[in-house]
Amino acid sequence: ATIGDKIILWDISDPNKPAQLASFSEPDTVITDVVFNADGKFMASFSDQSVILWNVSNPASPTRLSVLEGHSNIILSVAFSPSDVSLLATAGADKIVNLWNITDPRNPQMINTLSNHSDWINSIAFSPDGAMLASGSDDNQVNLWNISNPEAPALISKLIGQSGAAVVAFSPLGDLMAS
């Protein structure tokens with residue numbers, strides 16, 4: 117996707133011969149990013165204060181499923197859990213992370229809000245096992261959350277010292293995190 121209102125899905129199974137499968141848009145929005153869930157059946161696009169869930173199990177004919185609205189300012193990061201296809205996290209300029217249950221993707225439910233930052237949250241990332249979530253903020257800290265039970269998340273630690281934590285990422289083994 118590009119910053120605009122159109123998303124294109126490409127078949128790159130043969131990277132030497134990419135094929136466009138679908139092109140679709142969300143009128144009156146500026147799509148800033150897209151992410152896929154772990155099994156590749158769902159995709160989330162986001163812009164402004166909302167996230168749109170798409171069924172892409174038939175990539176030639178994607179279907180808009182629902183709109184998630186739970187932020188009071190722009191969304192800056194969205195991530196699907198790598199271990200639980202029903203868990204999605206959103207974060208942004210309103211200084212919060214929302215956790216969503218998308219078991220029923222046509223009727224997603226916000227299950228919790230994580231709030232411990234004093235400035236914009238620029239980036240969120242799940243650990244490879246899905247048990248932790250890192251949130252990086254302009255408040256110069258990264259928060260590590262235990263979300264093994266998303267209905268009762270707990271702040272594990274605050275990593276202080278990063279000047280405007282714009283990105284966070286876990287190593288494939290989950291023993292390192294970078295910001």
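To convert a position in the sequence shown, counted from 1, into the working numbering, add 116.
Quick reminder that beta carbons are idealized off the backbone N, C-alpha and C, glycines included.
Local Cβ density within 10 Å of residue i, reported as buried at 16 or more and exposed below that
i	result
residue 206	buried
residue 294	exposed
residue 118	Residue placement at residue 118 is flagged as unreliable, the pLDDT there being 47, under the threshold of 50; a coordinate-derived value is accordingly withheld.
residue 304	For the chain, the structure presents residues 117 to 295; residue 304 sits outside this window and is missing.
residue 177	exposed
residue 184	buried
residue 156	exposed
Proximity winner among the options, relative to residue i (alpha-carbon distances)
i	options	result
residue 193	240, 273, 127	240
residue 121	294, 159, 146	146
residue 232	258, 248, 129	258
residue 175	279, 124, 251	124
residue 296	242, 234, 172	In this structure the chain extends from 117 to 295, so residue 296 is not present and cannot be described.
Those residues which DSSP pairs with residue i across a bridge
i	result
residue 275	258
residue 252	239, 258
residue 161	150, 168
residue 282	Its beta-bridge partners do not exist; DSSP assigns none.
residue 270	262
Beta carbon of residue i nearer than 8 Å to that of residue j
i	j	result
residue 296	residue 281	Coverage of the chain is limited to positions 117 through 295, which leaves residue 296 absent and any answer about it impossible.
residue 213	residue 154	no
residue 211	residue 191	no
residue 261	residue 292	no
residue 167	residue 159	no
residue 163	residue 170	no
residue 226	residue 186	yes
residue 215	residue 263	yes
residue 222	residue 182	yes
residue 269	residue 217	no
residue 199	residue 246	yes
Could you tell me which uninterrupted beta strand (DSSP E) segments, each at least 3 residues in length, are contained entirely in the stretch 167 to 234, listed from first to last along the chain? 179 to 185, 191 to 196, 203 to 208, 213 to 217, 225 to 230
Minimum length 3: unbroken beta strand (DSSP E) runs contained in the stretch 123 to 152: 135 to 141, 149 to 152
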